[in-house]
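Undergrad: In our numbering, the protein residues as written are 1 to 301. Ideal Cβ placement from N, Cα and C applies to all residues, glycine included. Next up is a structure, given as structure tokens.
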């Protein structure tokens, strides 16, 4: 089954889909090891990982497409992608969808922020007119070659125009054909319930630790009515904390010994990376090669 088809079925399933955020191939492998059915990789975590700066639209479309291609090449899990504002007008949106599809993503979202955009939980956001976003949604839907590729529309209007206006935008975006809707940064549980009750389509929740929206367990979000929930930056925050502790220990002691209980070891890390599997594949290819050469030599004799 195509990854896009699997992802669509997971989104449409009765139970909520929990998507951990990854920002590189290492965190992707860890998500696989934990048993998740799909993953997401957003611009916030990608910008921090690739550039070491805040999420203020500094990564371009080609950089993101290249990153998604690397991720998709290393997993069979569906990868849900962040397509920012589509990186321009409708022609840019269409090119973005085609590039991300070639990279292998199972779904993507575009948002209605005015470029340059910023993280949905930061201040100072602005949104484009709803009609401009609808045109982008239509362009995205027309550009996809795989009909199962999930196209999600995100609105950041809650912080700019208020909750009712944001919900109205989500309703319009659904009417335009968006598969999934994402009203970013509601402020209360009541607002989250209102969104799910009023938007006629699958909705996504966004759990950002320290952000504007209350963080609820996936079971509670499922009860409210959400179809998906992401933890897009949890891994980045955890890694920042852990590595800061390691470096502080190393600077203080001149050795990592005191931090060793918090680390995997050489053998364990190699196993996580799949070294034994690759060695077995190498041995199998070597054996096939020897058999072919031996058979050819025998026939020649």
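Please list, in chain order, all residues of the same chain as residue 16 whose beta carbon is under 7 angstroms from its beta carbon, the five residues on each side excluded.
TA: As a working note, residue 16 is residue 16 in the chain shown. So the qualifying residues of the chain are 218, 221, 222, 226, 227, 228 and 229.
Undergrad: If you draw a straight line from the alpha carbon of residue 118 to that of residue 156, how long is it in whole angstroms?
TA: Within the chain shown, numbered from 1, the residue matching residue 118 stands at position 118. Within the chain shown, numbered from 1, the residue matching residue 156 stands at position 156. Rounded to the nearest angstrom, the two C-alpha atoms are 10 angstroms apart.
Undergrad: Tell me the rounded alpha-carbon separation between residue 216 and residue 207.
TA: Counting from 1 along the chain shown, the entry for residue 216 is found at position 216. Counting from 1 along the chain shown, the entry for residue 207 is found at position 207. Straight-line Cα distance between these residues: approximately 8 angstroms.
Undergrad: Rounded to the nearest angstrom, what separates residue 108 and residue 247 at their Cα positions?
TA: Your numbering for residue 108 matches position 108 in the chain shown. Your numbering for residue 247 matches position 247 in the chain shown. If you take the alpha carbons of residue 108 and residue 247, they lie about 36 angstroms apart.
Undergrad: Which whole-angstrom value describes the C-beta separation of residue 112 and residue 93, a residue pair presumed to lie in contact below a C-beta threshold of 8 angstroms?
TA: The residue you call residue 112 lines up with position 112 of the chain shown. The residue you call residue 93 lines up with position 93 of the chain shown. Rounded, the Cβ-Cβ distance is 12 angstroms, inconsistent with contact.
Undergrad: Using DSSP bridges, identify the partner residues of residue 41.
TA: As a position in the chain shown, residue 41 is number 41, starting the count at 1. Answer is 81.
Undergrad: Roughly how many angstroms separate the alpha carbons of residue 203 and residue 196, rounded to a whole number?
TA: The residue you call residue 203 lines up with position 203 of the chain shown. The residue you call residue 196 lines up with position 196 of the chain shown. Whole-angstrom Cα-Cα distance: 7 angstroms.
Undergrad: Would the beta-carbon of residue 63 be found less than 7 angstroms away from any heavy atom of the ligand ZN?
TA: Annotation note on the ligand ZN: not contained in the displayed structure, which lists no ligands.
Undergrad: Can you tell me which residues form a DSSP beta bridge with residue 155?
TA: In the chain shown, the residue the question calls residue 155 occupies position 155. DSSP output for residue 155 lists 183 as bridge partner(s).
Undergrad: Out of 192, 198, 186 and 34, which one is the CA nearest neighbour of residue 171?
TA: Residue numbering aside, residue 171 sits at position 171 when the chain shown is read from its first letter. Selected option, being the one with the closest Cα: 198.
Undergrad: In its own chain, which residues sit with a C-beta less than 8 angstroms from the C-beta of residue 150, not counting the 5 before and 5 after it?
TA: Here residue 150 corresponds to residue number 150 of the chain shown, with the count starting at 1. For residue 150, where only same-chain residues beyond five positions count, the Cβ hits under 8 angstroms are 4, 7, 8, 11, 80, 106, 107, 108, 179 and 180.
Undergrad: Going by C-alpha distance, which of 210, 146 and 293 is nearest residue 1?
TA: The count along the chain shown starts at 1 and reaches residue 1 at position 1. The residue with the shortest Cα to Cα distance from residue 1 is 146.
Undergrad: Given residue 70, which residues of its chain have a CB within under 7 angstroms of its CB, disregarding the five upstream and five downstream residues?
TA: Sequence index remark: in the chain shown, residue 70 carries index 70 (1-based). Only 25 meet the Cβ criterion.
Undergrad: Suppose contacts are defined by Cβ-Cβ distances below 8 angstroms. Is residue 184 in contact with residue 163 by that definition?
TA: Taking the first residue of the chain shown as 1, we reach residue 184 at position 184. Taking the first residue of the chain shown as 1, we reach residue 163 at position 163. It is not a contact, given that the beta carbons lie outside the stated cut-off.
Undergrad: Please report the Cβ distance between residue 262 and residue 242, rounded to the nearest whole angstrom; I am assuming they are in contact, meaning their Cβ atoms lie under 8 angstroms.
TA: As a first step, residue 262 must be located in the chain shown, where it is residue number 262. As a first step, residue 242 must be located in the chain shown, where it is residue number 242. Rounded, the Cβ-Cβ distance is 7 angstroms, consistent with contact.
Undergrad: When burial is assigned at 16 or more other CB atoms within 10 Å of the CB, is residue 266 buried or exposed?
TA: Within the chain shown, residue 266 is the residue found at index 266, counting from 1. With fewer than 16 other Cβ atoms within 10 Å, it is exposed.
Undergrad: Residue 68: which of 264, 236, 281 and 98 sits nearest, CA to CA?
TA: Residue mapping note: residue 68 aligns to position 68 of the chain shown, counting from 1. It is 98.
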